[in-house]
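These notes are about the structure you will find just below.
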Amino acid sequence: MKYSQIIGTGGYLPEKILTNFDLEKIMDTSHQWIVERTGIHQRHIAAANETALTMAEQAARAALSTANISPADIGMIIIATTTPEKIFPSTACLLQQRLGIAGCPAFDLNSIACAGFVYALSIADQFIRQGAINNALVIGSEVMSRIVDWNDRTTAVLFGDGAGAVLLSSTEKPGILSTHLHADGTHKDVLFLDNTMRKPTALDTELYMQMNGKQLFKLSVNILGQLFDETLAANHLQKSDIDWLVPHQANIRIIEAMAKKLDLPMDRVAITLNEQGNTSAASIPLALDKAIRDQRIKRGDTLMLEGFGGGLAWGSALIKY
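So for the sequence shown, numbering that gives the first Met the number 0 puts the first residue at 0; every next one is plus one.
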């Protein structure tokens, strides 16, 4: 039986750091207010010349280097992003060209927001399990600072920029054990970004991401709890079998609730929220990369990944690392 195994990870964060104290100077907020409600202390902001493509390339090359894999060996590239380089061609195709390869499928998932990485991981896993490809590059890359309203403290304080990547490879040993994906369009107004192409006059108007934070919080806690039960049951595992939770970095209270659901202490949860904010589709691979590189997550550990975002869409991945 074929599995897909994570053989390399990589991450990239822009050099510029915007702290809560910096935000105090430009909007009606405070460091204490932000930390108490979100757990965020700072976030990275892309420079003018940085895009989802440039950051994805940095993260991809780091993952390739870690895995000691040549770009020529890549059989698929998927980039999860809500802030693509262009409407088309896909950011993945543009990255393919930068890596000096051609021929393999390359595409974006750019409407699933914060759940995008788990969706992309699941797709790549299916192709590897079926024997269609041997190696897949899966990336989350976001420039969230360009789609938030910096006059709206309820959203602007939450988000940051960055990119994270994993390299999956075919193996006979268990790797990704299962993935579980869901969506519910009845909650479409909880988190959304209007299409600037929708109306002829829309291009003259600045459009920003809209979010109902209170409603999203309530929904996420309920659906993620059910998602964990589903994932464990599908693999005939108990909570005690999970070594690490690698969650989407949305809000510290949501993360704490999920750790409690799994009976995991917080020191077994990969957290980057305080330093990076919510980087949307990049948050899970960035947290995973950090925990692997500082050797907290080790080979043989069982990981639970979860993400939720616009749609609403949500998903999990259970991984034997």
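All C-beta atoms in this analysis are idealised placements derived from N, C-alpha and C, irrespective of residue type, glycine included.
Considering only C-alpha positions, which residue in the set L166, G9, I175 and R42 is nearest to Y399? Shown here, the chain extends from 0 to 320; a query on residue 399 therefore has no answer.
Leaving out five residues before and five after N211 in sequence, what residues of the same chain have Cβ atoms less than 8 Å from its Cβ? D188, V189 and L190
Under 8 Å by Cβ, that's how I've got A233 and S177 pegged, so tell me the actual separation to the nearest angstrom. 5 Å
Can you tell me whether M303 is buried or exposed? The criterion is at least 16 other CB atoms within 10 Å of its CB, across all chains shown. buried
L157 versus T230, W32, A58 and M54, residue with shortest Cα-Cα distance: W32
Do G10 and P246 have their beta-carbon atoms positioned less than 8 Å apart in this structure? no
Own chain residues within Cβ distance below 6 Å of L17, not counting five before or after: R42 and I44
How close, in whole Å, do the beta carbons of G308 and A114 come, if the pair is a contact with beta carbons under 8 Å? 4 Å
I'd like the list of long-range same chain contacts for E255, defined as Cβ closer than 8 Å, with 5 residues on each side in sequence excluded. M265
Between the segment 132-144 and the segment 68-80, do three or more beta carbon pairs fall short of 8 Å? yes
Nearest-angstrom Cα separation, counted from T28 out to I5: 40 Å
Start and end residues, alpha helix (DSSP H) containing S64: A51 to A66
Endpoints, the alpha helix (DSSP H) within which V117 is located: G115 to R128
May I ask you to list the residues that DSSP assigns as paired with R42? L17
When the distance is taken between beta carbons, is A91 closer than 8 Å to I330? Shown here, the chain extends from 0 to 320; a query on residue 330 therefore has no answer.
Same chain, Cβ closer than 6 Å to H186, five either side skipped, listed in chain order: L311
Residues bridged to G306 [DSSP beta-bridge criterion]: G314
Output the distance between the C-alpha atoms of N250 and Q96, rounded to the nearest integer angstrom. 36 Å
Is it right to say M171 is buried, meaning 16 or more other beta carbons lie within 10 angstroms of its own, or is it exposed? Rather than Met, the amino acid found at residue 171 in this sequence is Glu. Result: exposed.
Burial state of A46 (16 or more Cβ within 10 Å): exposed
Any 3 or more C-beta pairs closer than 8 Å across the segment 61-71 and the segment 80-94: no
Supposed contact pair M54 and G161 - C-beta distance, whole angstroms, cut 8 Å: 6 Å
At 3 residues or longer, and completely inside the segment 249-298: list those beta strand (DSSP E) runs for me, N to C. none
Indicate whether S279 and A112 have their beta-carbon atoms separated by less than 8 Å. yes
Determine the extent of the beta strand (DSSP E) in which Q237 is found, giving its start and end residues. Where Q237 is concerned, there is no enclosing beta strand (DSSP E), given that its DSSP letter is neither H nor E.
If you count every other CB in all the chains shown that lies within 10 Å of the CB of G38, and 16 or more means buried, which is it? buried
DSSP state of P70, grouped into three classes? helix
In three-state terms, what does DSSP make of A47? coil
Close Cβ partners of T154 (< 7 Å) along its chain, the five nearest in sequence each way excluded: V147, D148, M208 and M210
Would you mind working out which of T8, L167, D293 and L94 sits nearest V50, comparing C-alpha positions? Checking the sequence shown, residue 50 turns out to be Thr, not Val. Answer by Cα proximity: L94.
Which residues in the same chain have their Cβ closer than 7 Å to the Cβ of L263, if we skip the five residues on either side of it in sequence? I241 and L244
Which residues does DSSP pair with K319 in a beta bridge? T301
Classify S169 as buried or exposed, calling it buried when 16 or more other Cβ atoms lie within 10 Å of its own Cβ. buried
Quick one: give me the first and last residue of the beta strand (DSSP E) that V245 is part of. W243 to P246
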